[in-house]
Structure formats: C-alpha cells, structure tokens
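Presented below is the structure to which this report refers.
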Amino acid sequence: MPSRDGPAVVEVADLVKRYPRSDANAVDGLSFTVAPGEIFGLFGPNGAGKSTTVGILTTRLRATGGRALVGGVDVGRDPAAARAQLAVVPQHNNLDRALTPRQNLVYHATYHGLPRREAETRAEELLERFGLTERADRRIEAYSGGMAQRLMIARALTHDPTVLFLDEPTNALDPQTRLLIWSQIRQLRERGVAIVLTTHAMNEAARVVDRVGIVDHGRLLTLDTPENLVRGLAGDAILDLTVTPAPADDPEALCAALGELDGVHKAERLASPAAPAGWRP
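In this note's numbering, the protein residues as written are 3 to 283.
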C-alpha cells in the first residue's frame, strides 16, 4: 500500500446540513479526513447522510455549518477552485450521447482547461487504459453498462483530479467488469489519487478500501480499517435447532444427550403440534 504521508486532501470538520422544512439534520456534526492515495469507504443505510456529504464535498450542495476542504480548498468559499481538484463518477450514466466516447473525453478535458492537442493525447491514453480504444468512435448507445461505467471513470480522470468520488461504481455490473473496475481503482490509489467511495457492495469494497466510515442519521458511528472493524465484532452467535427424533429414538434420552454437548446452552422437549380434527395416524 502506498504511503499516505502529507496533509489530508479531504477534510471534513463538524459538518452540518439541514434542509428547509426539515426537523432534523441530514448531516449532523460529521468529521473525517482522507489522505493522498487512500481509498476511503463511506458506508451506511439509505438516508444516512452519505449522498448529502458527498454533495457538499463536490460543491453540489452548500453546508449549513462546519467546514469541508478538498485539495486544501474550502468548497463553500471557492467552489470553482475546489472543482478543479476533484472528479465525480455518479451512479447513473450521464455521458453526452450526442458525442462519441472519444469526444466525451476530449470535451471534458478542454472544459477543465487542457489545450486541444493535450486533451486529445490524454483521451487516447485513457481509452487505452480502460480497454475502449476499438470502440472509441462509436455511438454511446452501443456501449454496455460496464463499458459506460469505464468511460465515466476515464472521463473523470481527464484533468488529473486530486480526489475522485465514486458512487456505487459497480452497481448492476457483470463480475468481469466489476473486477476490472476494482483493479483500476487500486491503480489510481498507487498513483496517489485519493478516492471516496460510497457503495452497498460492502463485501466487495472491503477488499480494496483502506478505511471505512460508517454513517447513520448524519453521524459518524465508527471509523477504522476493515480488518479492525471485523476484529471488533462480537464473536458469539446463537443457533436455534429443532430436532425430530426417529421412531426408534427415546425423546428424553435424546434431549439429555443434546444438552450435554459442548456449546449447547439449553435443550428442551417441545410439545407436539395438535392434530387436526378428524385426523388419525
């Protein structure tokens, strides 16, 4: 894993967001940091405040209170400068269907200030990296969901962002495409890009994230590495079994024998269900 030395590239301090006419904060005093070259997972149930937090960090929403910095830029005070430091890959396809994949990348790069020749070179490099060169000049409609997702990630990287925000990056994708995208995410980490990831595919994400922040009701419940979080879980579990004796078994003796097994807390005989009226064995 790369070194995560140096100042944090994402800083969230006592962040608060309350929507108009709401009686509760959507984000309620949230604080965390993300280091360069770190994959940070922001997990939690629907409505926990994840999307609102990301919306503030990506300048789509304004905070009610607290502070949020991306690449050292206060997103509330200078959103234009903050947007130059970040990129967003949304959950749903928002590619420009009037443009070819190559044109999507070139347009996005020039929008962020790259000269045309440099934008074209950058687009070619990204198309090659994400395995899209052969279909770079076809219509977007011909792309599968996995190809569109790869193109959206490539588009987000055209201006070399400091921080990449990914929302459900592997949602509804086939296994092969999911593996490819997780591999690309690891490579971005090796290049020093900080990644903030929101997903419900926690089993998959746990294999790549460096730290996890679990959020609910706008508050940070816990923040640690996946390994430490798993290690801290309670190890006890209760398994409730119902055993039906064979015709030759002595129910009392079977119950006593089960109760003496290691790990069994209690064994008891249950009353047989009442037979339906008119039923005979």
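Each residue gets a CB set at the ideal place from its N, CA and C atoms; glycine is no exception.
These figures come from a predicted structure and were not determined experimentally.
With distance defined between alpha-carbon atoms, name the residue in the options nearest to residue i.
{"i": "P177", "options": "R193, G148, E120", "result": "G148"}
{"i": "Q87", "options": "A158, R193, D242", "result": "A158"}
{"i": "M289", "options": "V18, V108, T35, G39", "result": "Look at the range of the chain in this structure, 3 to 283, and you will see that residue 289 is not part of it."}
{"i": "P47", "options": "G215, P92, R233", "result": "G215"}
{"i": "P9", "options": "G194, G234, A259", "result": "G194"}
{"i": "G265", "options": "D242, A255, R137, R85", "result": "D242"}
{"i": "H161", "options": "L175, A258, A208, R118", "result": "R118"}
{"i": "R221", "options": "T54, V11, P22", "result": "T54"}
{"i": "R209", "options": "K268, T227, G51, A82", "result": "T227"}
{"i": "E40", "options": "R271, R191, N96", "result": "R191"}
{"i": "P81", "options": "L63, Q93, N95", "result": "L63"}
{"i": "L225", "options": "P22, V12, F34", "result": "F34"}
{"i": "L223", "options": "T246, V211, G51", "result": "G51"}
{"i": "D212", "options": "E254, R188, T246", "result": "R188"}
{"i": "L272", "options": "E262, G31, E254", "result": "E254"}
{"i": "A174", "options": "L44, Q151, Q186", "result": "Q151"}
{"i": "V91", "options": "V36, L59, P171, V217", "result": "P171"}
{"i": "V77", "options": "E127, H94, Q93, I58", "result": "I58"}
{"i": "S185", "options": "E229, F45, G133, H202", "result": "G133"}
Can you tell me which residues form a DSSP beta bridge with residue i?
{"i": "V77", "result": "Its beta-bridge partners do not exist; DSSP assigns none."}
{"i": "E13", "result": "T35, L71"}
{"i": "K19", "result": "V29"}
{"i": "V165", "result": "L88, A196"}
{"i": "R221", "result": "D218"}
Which stretch, first to last residue, makes up the alpha helix (DSSP H) that contains residue i?
{"i": "E126", "result": "118 to 131"}
{"i": "P232", "result": "Inspection of the sequence shows that residue 232 is occupied by Val rather than by Pro. Residues 228 to 233."}
{"i": "V210", "result": "Careful: V210 lies outside any alpha helix (DSSP H) and carries neither H nor E."}
{"i": "D106", "result": "At residue 106 the sequence reads Asn, which differs from the Asp that was named. First-last of the alpha helix (DSSP H) with N106: 103 to 113."}
{"i": "S53", "result": "52 to 59"}
{"i": "G148", "result": "147 to 158"}
Assuming residue i and residue j form a contact by the criterion Cβ under 8 Å, report the distance between their Cβ atoms to the nearest whole angstrom.
{"i": "V56", "j": "T200", "result": "6 Å"}
{"i": "A111", "j": "A125", "result": "6 Å"}
{"i": "A15", "j": "G68", "result": "6 Å"}
{"i": "I197", "j": "F42", "result": "7 Å"}
{"i": "L61", "j": "R85", "result": "This sequence places Thr at residue 61; Leu is not what is there. Correct: roughly 6 Å between the Cβ atoms."}
{"i": "E206", "j": "R233", "result": "Not quite, the Cβ-Cβ distance comes to about 20 Å (not below 8 Å), so this is no contact."}
{"i": "P103", "j": "A138", "result": "5 Å"}
{"i": "G31", "j": "V18", "result": "6 Å"}
{"i": "P247", "j": "L256", "result": "5 Å"}
How far does the beta strand (DSSP E) with residue i in it reach, from first residue to last?
{"i": "A269", "result": "It is not in any beta strand (DSSP E) - A269 carries neither H nor E in the DSSP assignment."}
{"i": "A28", "result": "From DSSP, A28 is part of no beta strand (DSSP E); its letter is neither H nor E."}
{"i": "L88", "result": "88 to 91"}
{"i": "I41", "result": "41 to 45"}
So, is the C-beta of residue i closer than 8 Å to a C-beta in chain D?
{"i": "L181", "result": "Among the chains in the structure shown there is no chain D, since it carries only a single protein chain."}
Does any heavy atom of the ligand MN sit closer than 7 Å to the C-beta of residue i?
{"i": "G234", "result": "Although the ligand MN was asked about, the structure shown includes no ligands whatsoever."}
message: With three or more C-beta pairs closer than 8 Å as the rule, is the region 164 to 173 touching the region 71 to 81?
response: yes
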